[in-house]
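The number in my numbering is simply the position in the sequence shown, starting from 1, with 554 added. Glycine residues also receive a C-beta, built at the ideal position from the N, C-alpha and C atoms. Given the structure is predicted, the values throughout are model-derived calculations rather than measurements. In what follows, a structure is listed as structure tokens, so that the remarks can point back to it.
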Amino acid sequence: MAHNEDSGRDNYLPDGRGAKVPLMLVEQIANSLADDIIRGVYAPGQPLIEMTIAEAFNVSRGPVREAFQQLQVEGLVDVQPRRGARVAVLTPQTMKESFDVRAVLYGLIAAEAASKNDAATLKVLHESTNALKASVQEDTDTFFAQMFRLNLQFVEAGQNQYARKFLMSLRRLTLPITRKVMRDEGNRAGWIENWEAVLAAIERGDSREADEAARRWIMAVYDKDREIAEDEPPGSPYSATAGANQTVRQMKLAAGTSIKRG
Numbered sequence: 555m556a557h558n559e560d561s562g563r564d565n566y567l568p569d570g571r572g573a574k575v576p577l578m579l580v581e582q583i584a585n586s587l588a589d590d591i592i593r594g595v596y597a598p599g600q601p602l603i604e605m606t607i608a609e610a611f612n613v614s615r616g617p618v619r620e621a622f623q624q625l626q627v628e629g630l631v632d633v634q635p636r637r638g639a640r641v642a643v644l645t646p647q648t649m650k651e652s653f654d655v656r657a658v659l660y661g662l663i664a665a666e667a668a669s670k671n672d673a674a675t676l677k678v679l680h681e682s683t684n685a686l687k688a689s690v691q692e693d694t695d696t697f698f699a700q701m702f703r704l705n706l707q708f709v710e711a712g713q714n715q716y717a718r719k720f721l722m723s724l725r726r727l728t729l730p731i732t733r734k735v736m737r738d739e740g741n742r743a744g745w746i747e748n749w750e751a752v753l754a755a756i757e758r759g760d761s762r763e764a765d766e767a768a769r770r771w772i773m774a775v776y777d778k779d780r781e782i783a784e785d786e787p788p789g790s791p792y793s794a795t796a797g798a799n800q801t802v803r804q805m806k807l808a809a810g811t812s813i814k815r816g
């Protein structure tokens, strides 16, 4: 078979010095770092040392540098010339704007899911809802993973690829603080109650109510996230005054699974 010089061309990124870095590797590193940021392994404002991370993943600096750039687009990492990369600080403005956009998109997805009223999709959503309820008293990681899985299934229910891509990066931006909120069982129960109102509207085929319920659901999450931020001590990366001069960046999806460290 003749070799096609164009095959795989889009699977590489330039590393800034003319070399090509496998795109899949960059995405894997970016997703693994994002997961660590969400879980609090790296704190907001903490420097990300390029060499240390490259050694942890057993790669050169090129893929790590590209991963930083990818996470900067998502708003998770701040990269400054000659100062390196550090975990971005979530500001009150960033939080509010991201939730405002999410509420609109979640409303759209809920309305579309209600109009389709697909039995197979509803079955999946009910099963995941039951699994989430069963994990309310589990540790935070277990509950959070199930909550994230249900969110993914909900987003897929709308069958809107553009909303899906934008939503996944928006969710990543606020996941670290939402994870802190979900340490409390009362907050978990409230999240499920609000979600079940959305699910009920979808099941009835009521697009208008599904839209409104989804918006209420997301803004209820915002209210809890904001409370956590306001309760943080002054100077904390999550406090209401942290990084007030930062601006919201455009965000994109960096989907994939975590890479195992070497």
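Residue i versus residue j: straight-line alpha-carbon distance, rounded
i, j, result
"Ile772", "Pro617", "35 Å"
"Met578", "Ala610", "17 Å"
"Gly759", "Glu651", "29 Å"
"Met722", "Thr728", "11 Å"
"Ala794", "Ala673", "The pLDDT assigned to Ala794 is 41, lower than 50, so where the model puts this residue is not dependable, and the model offers no usable value."
"Asp589", "Ala755", "32 Å"
"Pro791", "Arg769", "Note on Pro791: pLDDT 47, under 50, position unreliable in the model; no value is reported."
"Val633", "Phe708", "33 Å"
"Phe720", "Arg762", "22 Å"
"Pro788", "Pro646", "Bear in mind that a pLDDT of 46 at Pro788, under 50, signals an unreliable position, so the number given afterwards is only what the model happens to contain. When rounded, the distance between both Cα atoms is 13 Å."
"Glu781", "Trp745", "15 Å"
"Asn496", "Ile603", "Residue 496 cannot be examined here, being either before or after the span of the chain that is shown, 555 to 816."
"Lys687", "Ser669", "26 Å"
"Gly594", "Asn671", "38 Å"
"Thr696", "Gln623", "30 Å"
"Arg636", "Val580", "22 Å"
"Ser682", "Leu625", "29 Å"
"Thr694", "Glu666", "31 Å"
"Glu757", "Ile607", "46 Å"
"Ala717", "Tyr660", "8 Å"
"Asn585", "Leu753", "29 Å"
"Phe698", "Glu784", "22 Å"
"Tyr596", "Phe702", "20 Å"
Short Cβ contact (8 Å threshold) for residue i with residue j
i, j, result
"Asn714", "Leu662", "yes"
"Pro598", "Val643", "yes"
"Ala743", "Ala767", "no"
"Val690", "Thr732", "no"
"Gln700", "Ala685", "yes"
"Arg725", "Asn748", "no"
"Ala621", "Ile592", "no"
"Ala639", "Ala764", "no"
"Arg619", "Met605", "no"
"Asp779", "Met649", "yes"
Host alpha helix (DSSP H) of residue i (start-end)
i, result
"Arg640", "Taken as a continuous stretch (DSSP letters only), Arg640 belongs to no alpha helix (DSSP H), being part of the beta strand (DSSP E) at 638-641."
Where the beta strand (DSSP E) through residue i begins and ends
i, result
"Asp738", "Where Asp738 is concerned, there is no enclosing beta strand (DSSP E), given that its DSSP letter is neither H nor E."
"Asp632", "631-634"
Short CB-CB distance (under 8 Å) between residue i and chain B
i, result
"Thr732", "No chain B appears in the structure shown, which is made up of a single protein chain."
Check: residue i C-beta below 7 Å from any heavy atom of the ligand GTP
i, result
"Leu727", "No copy of the ligand GTP occurs in the structure displayed, which carries no ligand at all."
Legend entry - Entirely enclosed alpha helix (DSSP H) segments - the region 643-728, minimum 4 residues: Segments of the alpha helix (DSSP H) lying fully in the region 643-728: 646-670, 673-688, 694-711.
Inset, instruction - Write down every uninterrupted run of the alpha helix (DSSP H) in the region 586-627 whose length is 4 residues or greater and which is fully enclosed by it, in chain order. - result: Qualifying alpha helix (DSSP H) stretches, in chain order: 604-611.
Legend entry - At least three beta-carbon pairs within less than 8 Å, the region 617-633 to the region 670-686: The answer is no - the region 670-686 does not touch the region 617-633, with fewer than three Cβ pairs under 8 Å.
Legend entry - Segment contact flag, the region 653-673 with the region 729-742, C-beta cutoff 8 Å, min 3 pairs: Counting Cβ pairs under 8 Å, fewer than three are found: no touch.
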